[in-house]
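This report concerns only the one structure given below.
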Ligand code: SF4
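Residue numbers (our numbering): 68 to 353.
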């Protein structure tokens with residue numbers, strides 16, 4: 068597995084795909100403070116197709132101006148909330164974006180940065196990432212949001228922005244956010260230097276799931292937290308220090324159509340993963 072995966076990681080044309088990936092939104096902001104909050108907002112909304120949520124996200128970012136971090140630090144729901152009045156994306160409505168700004172504002176006021184907020188709940192820096200991620204998510208779910216949700220109940224859309232690891236789902240968007248912030252090599256940012264890339268779990272979406280099954284990284288049927296752990300453990304056998312480094316290439320190989328998740332003499336011909344691909348089992352000599 069090592070040879071084909073390393074070749075994929077090394078030879079992948081990242082520049083060609085970054086502009087089609089959600090990472091392009093935080094990448095625009097050189098200031099780490101902006102990049103951090105835009106990365107979290109982007110990751111929270113990154114369900115469905117990039118072009119669809121990207122359109123709405125673009126509007127939100129336009130309203131936030133040149134420094135989204137500054138906008139959020141000084142955010143006043145009564146004064147600034149109207150800026151998001153036209154926001155609509157699937158489960159999410161304007162009040163969810165307003166609540167996001169309030170919760171992040173208060174977390175930044177308390178901790179200074181989102182990294183410090185994460186570290187405040189990370190009691191075992193050498194252990195699994197799940198408990199720290201759970202505490203990080205609870206900061207936003209347990210924020211004082213009475214001004215946005217006067218009945219004291221969070222909206223479904225707001226809760227959808229912050230899935231809890233303890234619920235057992237794959238938490239793809241949270242792992243994506245961590246990958247962006249923690250991994251040291253491009254296209255990721257490597258801003259959270261206090262967290263080791265070895266602790267990350269792979270963000271499993273439908274593309275990563277398909278690719279992982281094709282090359283035997285998982286046999287699980289349900290896309291959930293355990294699947295993310297299993298795929299990551301298989302990748303850690305190849306690179307224990309940075310197991311999720313293959314995520315971007317695996318995801319985009321499938322997303323771009325360079326893999327059709329079936330044997331295809333033309334599409335598969337240049338694929339280095341063919342030697343480990345189940346679709347070519349028994350056909351490798353040919
Ligand atoms: S050999 Fe074909 S089906 Fe298998 S991973 Fe490569 S492109 Fe996909």
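Here a beta-carbon is modelled for each residue, glycine too, at the ideal position from N, C-alpha and C. These figures come from a predicted structure and were not determined experimentally.
Tell me whether residue i counts as near the ligand SF4, meaning its Cβ is closer than 6 Å to at least one heavy atom of that ligand.
i	result
residue 338	yes
residue 281	yes
residue 318	no
residue 251	no
residue 293	no
residue 91	no
residue 346	yes
residue 341	yes
residue 326	yes
residue 168	no
residue 335	yes
Mind reading off the beta-carbon distance from residue i to residue j? Whole number of angstroms is fine, and I expect it under 8 Å.
i	j	result
residue 336	residue 79	So it is not a contact: roughly 17 Å between Cβ atoms.
residue 160	residue 224	6 Å
residue 240	residue 344	Contact doesn't hold; Cβ gap of about 28 Å is too wide.
residue 262	residue 249	5 Å
residue 139	residue 172	5 Å
residue 92	residue 128	7 Å
residue 309	residue 264	5 Å
residue 123	residue 96	That belief does not hold up - the Cβ atoms of residue 123 and residue 96 are roughly 18 Å apart, past 8 Å.
residue 212	residue 229	Rounded, the Cβ-Cβ distance is 12 Å, inconsistent with contact.
residue 340	residue 269	Wrong, their Cβ atoms sit about 16 Å apart, outside the cutoff.
residue 184	residue 215	About 19 Å; that fails the 8 Å criterion.
Within 10 angstroms of the Cβ of residue i, are there 16 or more other Cβ atoms? Answer buried if so, exposed if not.
i	result
residue 342	exposed
residue 353	The predicted position of residue 353 is uncertain, since its pLDDT is 44 and thus under 50; no value can be drawn from it.
residue 148	buried
residue 319	buried
residue 70	exposed
residue 141	exposed
residue 86	exposed
residue 297	buried
residue 204	buried
residue 135	buried
residue 162	buried
residue 285	buried
residue 331	exposed
residue 133	exposed
residue 143	exposed
residue 279	buried
residue 218	exposed
residue 89	buried
residue 76	buried
residue 210	buried
residue 329	exposed
residue 260	exposed
residue 121	buried
residue 84	buried
residue 113	buried
residue 150	buried
residue 304	exposed
residue 153	exposed
For the region 156-169 and the region 235-253, state whether three or more C-beta atom pairs, one from each stretch, are separated by less than 8 Å. no
Does the count of Cβ pairs from the region 174-181 and the region 91-108 closer than 8 Å reach three? yes
Output the residue ranges of the alpha helix (DSSP H) runs that lie fully inside the region 103-130 and measure 4 residues or longer, sorted by chain position. none
What runs of the beta strand (DSSP E), each 3 residues or longer, lie entirely inside the region 173-228? none
Do three or more CB pairs link the region 320-329 to the region 293-301 at distances below 8 Å? no
Within the chosen definition, does the region 185-204 reach the region 245-261 through at least 3 CB pairs nearer than 8 Å? yes
Those runs of the alpha helix (DSSP H) which lie wholly inside the region 239-322 and span at least 4 residues: 239-249, 273-281, 292-303 and 314-322
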